[in-house]
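In my numbering, the protein residues as written are 5 to 468. From the three backbone atoms N, C-alpha and C, an ideal C-beta is built for every residue, glycine too. Note that the structure is a prediction, hence the values are computed from the model and not measured. All remarks here apply to the structure that follows.
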Amino acid sequence: MASRRESGGGWGSPVALLAAGAAVRAALLAWGAWQDGALAVKYTDIDYQVYSDAAAFMAAGGSPYERSTYRYTPLLAAALLPNARGFKRWGKLLFCVADLAAAWMLSALLARRGGGSPQVQAAGVALWLFSPFTVTISTRGNGEALVACMLLGLLLALEAGRLVPAALLFGLAVHWRVYPVIFALPLLRHFALQRHAARSAARTAGGAARSSAARRQQQGTARGVRACLAAAARAVVSPCGAAFAALSGGLFLGLGTACYARYGWPFLHETYLYHAARTDPRHNFSPYFYPAYLASSGAAAGVAGSSGRSSWDVGWAFTAAQAVVQAAVGWRCAADLPFCFLLQTLALVAFNKVCTAQYFVWYLSFLPLVLPDLAAAPNRGRLAAAGAAWGAAMAHWLGWAYLLEFQGRGVHLSVWAASLAFLAAHVWLICELLTAWRAAQAGKAVKAARTRGGGGARAAVAAR
């Protein structure tokens with residue numbers, strides 16, 4: 005019994021978890037069909053109707069952008085063409101299959117990365133499969149799981165040493181949803197670090213270390229701004245990185261050019277430019293909603309002045325904070341891409357000018373991959389407290405949002421205060437995750453040093 009449990013059999017096996025996840029999704033799809041027909045409050049997400057309408061326009065030979073509020077790549081509408089031909093639930097089935105495929109890739113990545121017990125790895129897969137966010141978002145008809153599949157496929161391809169499919173998946177993901185572009189810096193940095201490690205290992209193995217005199221001579225001639233720029237370039241430039249950038253960038257530009265040739269300016273604006281400048285004066289998790297609300301209220305009343313300017317200033321502050329955090333995390337944590345992607349996505353959601361519940365899926369797809377490290381982290385107690393604070397802050401926000409949305413109370417200021425608390429919870433969680441990451445990296449470095457030391461000792465014995 006124990007050996008079966010340790011080998012991944014029983015309820016914790018990937019097959020059993022996937023089967024249970026599929027059953028839960030099938031039940032929710034059936035429930036959603038009943039609720040949509042029987043109750044005034046619909047189960048299906050409004051975005052699903054937008055996707056379906058866009059697919060119908062495309063099936064009729066038109067543009068998906070004839071549907072107002074369709075702000076996605078035409079490829080999404082093309083993937084949902086069966087919706088326009090009578091198979092109304094095709095899109096939901098597609099998203100649920102993507103959900104399950106993401107779980108399979110998580111299981112494969114956890115097995116490749118190692119670390120943690122089989123139970124911890126199974127818990128990571130279960131976290132994705134049975135999280136209320138992932139389950140309801142896919143069964144309600146939102147397509148975030150498609151991008152999760154692309155990014156997890158990218159990580160799986162890199163783990164297997166397959167550069168070409170990894171680059172193509174990254175180019176497709178950026179075309180599809182824009183936000184994965186934040187991973188470009190850590191990816192390039194990751195390839196450069198790998199190259200540096202390989203060259204260092206080769207020098208050590210070959211005894212090709214340079215003399216201290218040669219080092220001093222190079223240091224004497226390599227000074228100034230040019231030397232700093234060269235060092236920075238070496239930190240992100242590598243042959244693999246250049247090939248990755250060429251392939252992913254080529255696919256992104258190729259898809260963009262083809263879509264622009266077919267649909268023109270609406271494609272460019274709705275798919276990319278709209279999201280770059282998007283604000284939402286209606287309440288959402290971001291604290292920026294309140295300055296945007298005040299600015300829109302002043303504009304509607306014909307009042308010019310400080311509210312619009314303050315909204316602009318706050319927006320720039322959020323953008324600046326976003327840029328600094330993304331650059332710092334992407335540079336510092338590039339050695340461990342799953343952890344880096346998790347931290348970057350958490351920061352993106354926390355400091356974004358618009359934040360909705362579906363965005364939580366963005367970082368939930370990476371969380372299972374670092375669960376083995378978190379389970380062994382020295383600060384796991386504080387991590388648990390930060391996670392609990394995140395959940396409490398979200399519940400607190402939802403309470404005020406309910407009073408505003410469904411009871412029509414003027415509690416905008418309270419919702420804004422709850423948004424600030426939610427931002428603070430995000431920041432605390434990011435800080436604790438960084439602490440856990442540093443501890444995990446230190447542990448891996450010690451283990452690697454012991455392995456090298458043991459290898460050196462064995463070599464010395466063999467030589468004698």
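So is residue i buried or exposed if we call it buried at 16+ other beta carbons inside 10 Å?
i: residue 430; result: buried
i: residue 409; result: exposed
i: residue 181; result: buried
i: residue 464; result: Bear in mind that a pLDDT of 42 at residue 464, under 50, signals an unreliable position, so the model cannot answer this.
i: residue 366; result: buried
i: residue 275; result: buried
i: residue 450; result: exposed
i: residue 200; result: exposed
i: residue 19; result: exposed
i: residue 43; result: exposed
i: residue 286; result: exposed
i: residue 72; result: exposed
i: residue 128; result: buried
i: residue 34; result: exposed
i: residue 45; result: exposed
i: residue 397; result: buried
One question on the structure: do residue i and residue j come within less than 8 Å of each other, judged by their Cβ atoms?
i: residue 392; j: residue 432; result: no
i: residue 172; j: residue 249; result: no
i: residue 37; j: residue 194; result: no
i: residue 186; j: residue 330; result: yes
i: residue 334; j: residue 256; result: no
i: residue 83; j: residue 98; result: yes
i: residue 137; j: residue 364; result: yes
i: residue 106; j: residue 149; result: yes
i: residue 179; j: residue 323; result: no
i: residue 196; j: residue 241; result: yes
i: residue 267; j: residue 67; result: yes
i: residue 52; j: residue 145; result: yes
i: residue 368; j: residue 438; result: no
i: residue 344; j: residue 288; result: no
With a cut-off of 8 Å on the beta carbons, I'd call residue i and residue j a contact; round off their distance for me.
i: residue 293; j: residue 423; result: 7 Å
i: residue 124; j: residue 342; result: Not really, about 15 Å apart at Cβ, beyond 8 Å.
i: residue 401; j: residue 426; result: 5 Å
i: residue 21; j: residue 130; result: 6 Å
i: residue 29; j: residue 100; result: 5 Å
i: residue 440; j: residue 381; result: 4 Å
i: residue 170; j: residue 177; result: Actually they are not in contact, since the Cβ atoms of residue 170 and residue 177 sit about 11 Å apart, beyond 8 Å.
i: residue 3; j: residue 94; result: Residue numbering for the chain in the displayed model covers 5 to 468; residue 3 lies beyond these limits and cannot be assessed.
i: residue 113; j: residue 158; result: No, residue 113 and residue 158 are not in contact; Cβ-Cβ is about 11 Å, not under 8 Å.
i: residue 2; j: residue 167; result: As shown, the chain starts at 5 and ends at 468. That puts residue 2 outside it, with no answer to give.
i: residue 104; j: residue 16; result: About 17 Å; that fails the 8 Å criterion.
i: residue 89; j: residue 63; result: 7 Å
i: residue 102; j: residue 153; result: 5 Å
i: residue 379; j: residue 120; result: 6 Å
Alpha carbon to alpha carbon, how far is residue j from residue i? Give it in angstroms, no decimals.
i: residue 305; j: residue 278; result: Legend: pLDDT at residue 305 = 47, less than 50; position of this residue unreliable, no value from coordinates given.
i: residue 69; j: residue 435; result: 41 Å
i: residue 298; j: residue 284; result: 11 Å
i: residue 189; j: residue 40; result: 44 Å
i: residue 109; j: residue 414; result: 46 Å
i: residue 407; j: residue 48; result: 23 Å
i: residue 147; j: residue 403; result: 27 Å
i: residue 420; j: residue 356; result: 15 Å
i: residue 307; j: residue 282; result: The predicted model places residue 307 with a pLDDT of 47, which falls under 50 and marks its position as unreliable; any figure quoted below should be read in that light. Rounded to whole angstroms, residue 307 to residue 282 spans 22 Å at the Cα level.
i: residue 2; j: residue 151; result: The question about residue 2 has no answer, for the chain in this structure spans 5 to 468.
i: residue 383; j: residue 428; result: 19 Å
i: residue 350; j: residue 394; result: 12 Å
i: residue 280; j: residue 385; result: 38 Å
i: residue 387; j: residue 245; result: 34 Å
i: residue 253; j: residue 271; result: 18 Å
i: residue 352; j: residue 325; result: 10 Å
i: residue 61; j: residue 239; result: 47 Å
i: residue 218; j: residue 251; result: Confidence at residue 218 is low in this model, with a pLDDT of 44, below 50, so the placement of that residue is unreliable and no value is reported for it.
i: residue 452; j: residue 23; result: 38 Å
i: residue 476; j: residue 86; result: With the chain running from 5 to 468 in the structure shown, residue 476 is simply not present.
i: residue 290; j: residue 27; result: 34 Å
i: residue 56; j: residue 443; result: 47 Å
i: residue 117; j: residue 332; result: 24 Å
Return the first residue and the last residue of the alpha helix (DSSP H) that residue i is part of.
i: residue 53; result: 50–63
i: residue 103; result: 94–117
i: residue 87; result: 85–88
i: residue 352; result: 341–355
i: residue 400; result: 384–409
i: residue 261; result: 243–267
i: residue 186; result: Here residue 186 belongs to no alpha helix (DSSP H), and DSSP marks it neither H nor E.
i: residue 148; result: 148–163
i: residue 140; result: 136–143
i: residue 179; result: 167–181
i: residue 362; result: Premise fails: residue 362 is in no alpha helix (DSSP H) and is neither H nor E.
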